[in-house]
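These protein sequence lines are chains A and B, in that order.
If you read the first sequence in the numbering used here, its first letter stands for residue 28, the second for the next number, and so on.
If you read the second sequence in the numbering used here, its first letter stands for residue 28, the second for the next number, and so on.
Note that beta-carbon positions come from the ideal geometry of N, C-alpha and C, so glycine has one too.
On a predicted model such as this, the values are computed, not experimentally measured, just so you know.
Protein chains: 2
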Amino acid sequence: MTPRIALDAMSGDHGVSVIIPAAINVLKEIEDVHLLLVGDEAVLEKAIGQQPPSILQRLSIVHASQVVAMDEIPSSTLRNKKDSSMRVAINLVKEGRADACVSAGNTGALMAMARYVLKTLPGIDRPAIIAALPTTQGYPVHVLDLGANVDSTPEHLFEFAVMGSVLTSAVGNLTNPRVGLLNIGQEEIKGNEKVKEAARLLSESNIINYIGFVEGDDIFKGTVDVVVCDGFVGNVSLKTTEGVAKMISHYVKQSFNKNLFTRLVGLIALPVLRKLREKIDPRRYNGASLLGLRGIVVKSHGSADVFSFGCAIKEAVVEVRKNVPAQISSQLAELLSERRHVG
Amino acid sequence: MTPRIALDAMSGDHGVSVIIPAAINVLKEIEDVHLLLVGDEAVLEKAIGQQPPSILQRLSIVHASQVVAMDEIPSSTLRNKKDSSMRVAINLVKEGRADACVSAGNTGALMAMARYVLKTLPGIDRPAIIAALPTTQGYPVHVLDLGANVDSTPEHLFEFAVMGSVLTSAVGNLTNPRVGLLNIGQEEIKGNEKVKEAARLLSESNIINYIGFVEGDDIFKGTVDVVVCDGFVGNVSLKTTEGVAKMISHYVKQSFNKNLFTRLVGLIALPVLRKLREKIDPRRYNGASLLGLRGIVVKSHGSADVFSFGCAIKEAVVEVRKNVPAQISSQLAELLSERRHVG
Numbered sequence: 028m029t030p031r032i033a034l035d036a037m038s039g040d041h042g043v044s045v046i047i048p049a050a051i052n053v054l055k056e057i058e059d060v061h062l063l064l065v066g067d068e069a070v071l072e073k074a075i076g077q078q079p080p081s082i083l084q085r086l087s088i089v090h091a092s093q094v095v096a097m098d099e100i101p102s103s104t105l106r107n108k109k110d111s112s113m114r115v116a117i118n119l120v121k122e123g124r125a126d127a128c129v130s131a132g133n134t135g136a137l138m139a140m141a142r143y144v145l146k147t148l149p150g151i152d153r154p155a156i157i158a159a160l161p162t163t164q165g166y167p168v169h170v171l172d173l174g175a176n177v178d179s180t181p182e183h184l185f186e187f188a189v190m191g192s193v194l195t196s197a198v199g200n201l202t203n204p205r206v207g208l209l210n211i212g213q214e215e216i217k218g219n220e221k222v223k224e225a226a227r228l229l230s231e232s233n234i235i236n237y238i239g240f241v242e243g244d245d246i247f248k249g250t251v252d253v254v255v256c257d258g259f260v261g262n263v264s265l266k267t268t269e270g271v272a273k274m275i276s277h278y279v280k281q282s283f284n285k286n287l288f289t290r291l292v293g294l295i296a297l298p299v300l301r302k303l304r305e306k307i308d309p310r311r312y313n314g315a316s317l318l319g320l321r322g323i324v325v326k327s328h329g330s331a332d333v334f335s336f337g338c339a340i341k342e343a344v345v346e347v348r349k350n351v352p353a354q355i356s357s358q359l360a361e362l363l364s365e366r367r368h369v370g
Numbered sequence: 028m029t030p031r032i033a034l035d036a037m038s039g040d041h042g043v044s045v046i047i048p049a050a051i052n053v054l055k056e057i058e059d060v061h062l063l064l065v066g067d068e069a070v071l072e073k074a075i076g077q078q079p080p081s082i083l084q085r086l087s088i089v090h091a092s093q094v095v096a097m098d099e100i101p102s103s104t105l106r107n108k109k110d111s112s113m114r115v116a117i118n119l120v121k122e123g124r125a126d127a128c129v130s131a132g133n134t135g136a137l138m139a140m141a142r143y144v145l146k147t148l149p150g151i152d153r154p155a156i157i158a159a160l161p162t163t164q165g166y167p168v169h170v171l172d173l174g175a176n177v178d179s180t181p182e183h184l185f186e187f188a189v190m191g192s193v194l195t196s197a198v199g200n201l202t203n204p205r206v207g208l209l210n211i212g213q214e215e216i217k218g219n220e221k222v223k224e225a226a227r228l229l230s231e232s233n234i235i236n237y238i239g240f241v242e243g244d245d246i247f248k249g250t251v252d253v254v255v256c257d258g259f260v261g262n263v264s265l266k267t268t269e270g271v272a273k274m275i276s277h278y279v280k281q282s283f284n285k286n287l288f289t290r291l292v293g294l295i296a297l298p299v300l301r302k303l304r305e306k307i308d309p310r311r312y313n314g315a316s317l318l319g320l321r322g323i324v325v326k327s328h329g330s331a332d333v334f335s336f337g338c339a340i341k342e343a344v345v346e347v348r349k350n351v352p353a354q355i356s357s358q359l360a361e362l363l364s365e366r367r368h369v370g
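Structure (structure tokens):
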């Protein structure tokens, strides 16, 4: 079955000017995919322009008259943006006309709409946001929750561990991903009551490969595959990562721009630095997934460029092929029977 | 008055082998300082070796028979390590024989002992840990709490803002440091109830220069001088910063080590990269302060080298000269009268 991905084509910092070229690139790169562009029909027609039939036959337009603004309050978008490109893209998943949707829009609104329209999977109380980050080992690490929840209970953290474990094994082809709980020390006595209780729940499960507490610097060491934390903590950690990387990049540019000599050195070092940048390029890691819903929703960074938005579309394609929501459901059912067995 | 700094000379990953050379370097660099080395007398005598009288006359040894291990449980060190180098160094501050102490030992034990021996300042419920981080603007940003507290109330966050504001203006010679609350969005509706209530408390004060919510990536932009957060969040953010910096450094080394060509390029780029490293060298930022106590306690990174431990000693010297605890007390008194005025 060809994955059908609905794209919220109007949202994000750059809208159609980034999303349409990204969509066309993905169609050129992957033969077995169909994209549904959601937004103002006239605008989309114009942005698509002249394309070969091999592209056009795998590209549909679905009209939506509104756009959700980046700073709009989620609850108000639920009431007032029922014909927005974001909402219609989610509706297509609900109606079974698309297998997943991708949006670069307002995260809060996307989560609110997806939750309202698609509903959560049975056994999931709180959906979570998960994304991949680079490690020194070359393979990525997945971190959740990145901001959907601000006061997670130990049970929520346990749910995140289940969902994160399923997604990571599906998209990374890992059989038994190592799951760590983010804490402020590795000793059992450290941390707050929530993480201690979540650690107890995770230790008791035979299904989750729980390896214990990890700290902020462990995220990037490649010693853990899934890092579980409350959304407040995860969001701060993600944004901190972005901030540090930008600061270092700023100083690298400044250092090589200082005078004629350093500019020459910079020119010589350019190919090496470019290769380096590729390895930890945040654009490669674009495409956070909203997990725990009855459908696949991928959130692109608002400022994504063409390459980067393409990565988010491909993330959605992989999740469709692996049928992540069904896998989460079956893992949850297994856990439930594990608990019954224990109880 | 010459600042007298007690050094816990036995703790940290490297003990005397780093701490004694660091102490001697500081005495050479700063004429107006007296250091009290606390630890096993015979070990310290040997480590000091031959030194000119100009050094020896500003160096005393205070014997302590025990050492706190890096993984010891804080509460047990309170009972069982009463003659440890850490405890005796803190006692010297309490007894008025030293104006500050510095330790590279177990953070939890240091906080527990310092709190037990020195007590908190009037009006301070929870001491906090603060440290400086680099920004793209060249000047540092101070972040607190970095792990002393795991479930801070809005009132605690308010206390942290007061203490952070005082320390930052004292050591950074700033008149009105910009204080931001770490959150997962800048809009007022974002975040958990704790930060929302803390924001309300801070907005009402005329003494704190509160600029609103900041996000993880704002820490490094130079747009805020003091970042206030719960200790769990702050610790994760600090460790994340370390982890990202190490990962990037790992990939930089790997890129330049790939083959003969890249190694040559690396050699040419070396002076530029070294200058760059200096700017964001974490060793320069070594020396976290335990704030809110009736005395000055500085925590060095456990793995600090000679240069880095020297920075922590100098942090203590500056805090003594600026009399940070007295300044916090007077700022708190002013706030109290401000509240009475309002009420």
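- Close to ASN219(A), with beta-carbon spacing below 8 Å, are these residues of chain B in chain order: VAL177, ASP178, PHE259.
- For TYR166(A), the closest Cβ of chain B is not nearer than 9 Å.
- Looking at GLY322(B), ILE234(B), THR163(B), the one whose alpha-carbon comes closest to that of ARG348(B) is GLY322(B).
- Neighbours of PHE283(B) across chain A, judged by C-beta separation under 9 Å: ALA296, VAL299, LEU303.
- Beta-bridge partners assigned by DSSP to ASP35(A): VAL65(A).
- Taking a cut-off of 8 Å for Cβ pairs, the segment 158-169 of chain A and the segment 208-215 of chain A do not touch, as fewer than three such pairs fall below it.
- Collapsing the DSSP output to three states places ARG290(B) in a helix.
- By the criterion of a C-beta distance shorter than 6 Å, ALA141(A) is surrounded in its chain by ILE117, LEU317, LEU320, VAL324, once the five residues flanking it on both sides are discounted.
- For GLU99(A), there are no C-beta contacts with chain B under 7 Å, since the nearest C-beta of that chain is about 10 Å from it.
- Nearest neighbour of GLY42(B) by Cα position, chosen from SER179(B), ALA96(B), PHE288(B), turns out to be ALA96(B).
- In the DSSP secondary-structure assignment, PHE240(A) is bridged to LEU208(A).
- In terms of beta-carbon proximity, SER335(A) stays away from the interface with chain B, with every pair separated by 9 Å or more.
- The three-state secondary structure of LEU171(B), taken from DSSP, is strand.
- For MET274(B), the closest alpha carbon among the candidates ASP244(A), VAL260(A), ARG301(A), ASP252(A) is that of ASP244(A).
- Counting the other Cβ atoms within 10 Å of the Cβ of ASN133(A) gives 16 or more, which makes it buried.
- For LEU201(A), there is no enclosing beta strand (DSSP E), as DSSP marks it with neither H nor E.
- For GLU242(A), the nearest CB of chain B lies under 9 Å from its own CB, placing it at the interface with that chain.
- In the DSSP assignment, the residues bridged to LEU318(B) are ALA155(B).
- In this structure, LEU171(B) and GLY239(B) do not form a Cβ contact; the two beta carbons are roughly 17 Å apart against a cut-off of 8 Å.
- Residues of chain A with a Cβ closer than 8 Å to the Cβ of HIS277(B) are, in chain order, THR163.
- Within the segment 92-131 of chain B, the complete beta strand (DSSP E) segments of 3 residues or longer fall at 127-130, listed in chain order.
- Taking the Cα of ARG114(B) as reference, the smallest distance to any Cα among SER232(B), SER364(B), ILE340(B), LEU145(B) is reached at LEU145(B).
- PRO181(A) and LYS221(A) do touch by the CB rule: their CB atoms are close to 6 Å apart, below 8 Å.
- Excluding residues up to 5 positions away in sequence, MET37, VAL43 lie with their Cβ nearer than 8 Å to the Cβ of VAL70(B) in the same chain.
- Under the Cβ distance rule, ASN107(B) does not count among the residues neighbouring chain A, no pair being separated by less than 9 Å.
- For SER111(A), the nearest beta carbon of chain B is not closer than 9 Å to its own beta carbon.
- Contact check for ILE88(A) and LEU64(A): beta-carbon distance about 5 Å, within the 8 Å limit, so the pair qualifies.
- The residues VAL144, LEU145, GLY322, in chain order, have a CB closer than 7 Å to that of LYS121(A) in the same chain once the five nearest residues on each side in sequence are set aside.
- With respect to ILE46(B), ASP59(B) sits apart: the two C-beta atoms are not nearer than 9 Å.
- Taken through DSSP and simplified to helix, strand or coil, LEU148(B) comes out as coil.
- Residue environment for GLU56(A): exposed (fewer than 16 other C-beta atoms within 10 angstroms of its C-beta).
- Contacts between LYS266(B) and chain A, judged by CB atoms closer than 7 Å, involve GLU242, GLY243, ASP244 in chain order.
- Taking a 10 Å sphere around the C-beta of THR268(B), we find 16 or more other C-beta atoms and assign the residue as buried.
- In the same chain as ASP126(B), and ignoring 5 residues on each side of it, the C-beta atoms closer than 6 Å to its own belong to PRO30, ARG31, VAL347, in chain order.
- Taking the CA atoms as reference points, ILE307(A) sits about 13 Å from GLY249(A).
- Annotation: SER179(B) is outside any beta strand (DSSP E) and is labelled neither H nor E by DSSP.
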